[in-house]
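Sequential numbering from 6 applies to the sequence shown in the numbering used here. So the structure is just underneath, and the comments pick up after that.
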Amino acid sequence: MADFRVVVSDANAGKAYQIEVSGASANTFMGKIIGSEIDGSAVGLSGYTLKITGGSDKGGFPMRGTLPGPKRKKLLVTGGSGFRPGEEGLRKRRSIRGSEISGDISQINTTVANYGPTPIDSLLGGDSEEEVVEEIES
Numbered sequence: 006m007a008d009f010r011v012v013v014s015d016a017n018a019g020k021a022y023q024i025e026v027s028g029a030s031a032n033t034f035m036g037k038i039i040g041s042e043i044d045g046s047a048v049g050l051s052g053y054t055l056k057i058t059g060g061s062d063k064g065g066f067p068m069r070g071t072l073p074g075p076k077r078k079k080l081l082v083t084g085g086s087g088f089r090p091g092e093e094g095l096r097k098r099r100s101i102r103g104s105e106i107s108g109d110i111s112q113i114n115t116t117v118a119n120y121g122p123t124p125i126d127s128l129l130g131g132d133s134e135e136e137v138v139e140e141i142e143s
């Protein structure tokens, strides 16, 4: 069985939520590629639609949407996911994971494509976490 950490970014609220997914819910992500839309009920957000935007594997190597398949490969890159050049024209060979989700992926990044009737905070219990942070800072 695969275990994933799914990061759900809510652009309207400006927040991101981390959700641990395992078992049958994790199997809904298997074989999907970057850009695919999935039902939010897999992570406890019924009524929502999530769009996969990227992720990283267990070794920390990022996924890249232009590389097909689930394997890790070495590419000569000039920019984009996995490399930020310090000067113009700089190229480097970097190990990058393909765009398909497999059992080697540890984190999946998603954004909310379609919102449901209930706010995300109430579904995931985000209000209680903010109160704990405020108490620690005081």
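Built from N, CA and C at the ideal position, the CB exists for glycine as well. Keep in mind the model is a prediction, meaning the values are calculated, not measured.
Excluding five sequence neighbours on each side, which residues of the same chain lie with their C-beta closer than 6 Å to the C-beta of residue i?
i           : result
residue 24  : 11 and 48
residue 22  : 13 and 129
residue 136 : With a pLDDT of 41 at residue 136, under the threshold of 50, the modelled position of that residue is not reliable, and the figure given next carries that caveat. Correct list: empty, nothing qualifies.
If you follow the beta strand (DSSP E) that residue i is in, where does it begin and where does it stop?
i           : result
residue 119 : 110 to 119
residue 9   : 8 to 15
Once DSSP output is grouped into helix, strand and coil, what is the label at residue i?
i           : result
residue 47  : helix
residue 31  : helix
residue 81  : strand
residue 55  : strand
residue 61  : strand
residue 93  : coil
residue 18  : coil
residue 100 : strand
residue 75  : coil
residue 24  : strand
residue 67  : strand
From what residue to what residue does the alpha helix (DSSP H) around residue i run?
i           : result
residue 107 : No alpha helix (DSSP H) holds residue 107; DSSP gives it neither H nor E.
residue 38  : Neither: residue 38 is in no alpha helix (DSSP H) and is coded neither H nor E.
residue 127 : 125 to 129
Give me, in chain order, the residues of the same chain whose beta-carbon lies closer than 7 Å to that of residue i; leave out the 5 immediate sequence neighbours on both sides.
i           : result
residue 83  : 90 and 96
residue 128 : 49 and 50
residue 63  : 109 and 111
Kindly list the residues whose CB is nearer than 8 Å to the CB of residue i, restricted to its own chain and excluding five residues on each side of it in sequence; keep chain order.
i          : result
residue 61 : 67, 68, 102, 110, 111 and 112
residue 76 : 102 and 103
Item to check | Contact between the stretch 15 to 35 and the stretch 65 to 73 (3+ Cβ pairs under 8 Å) | outcome: no
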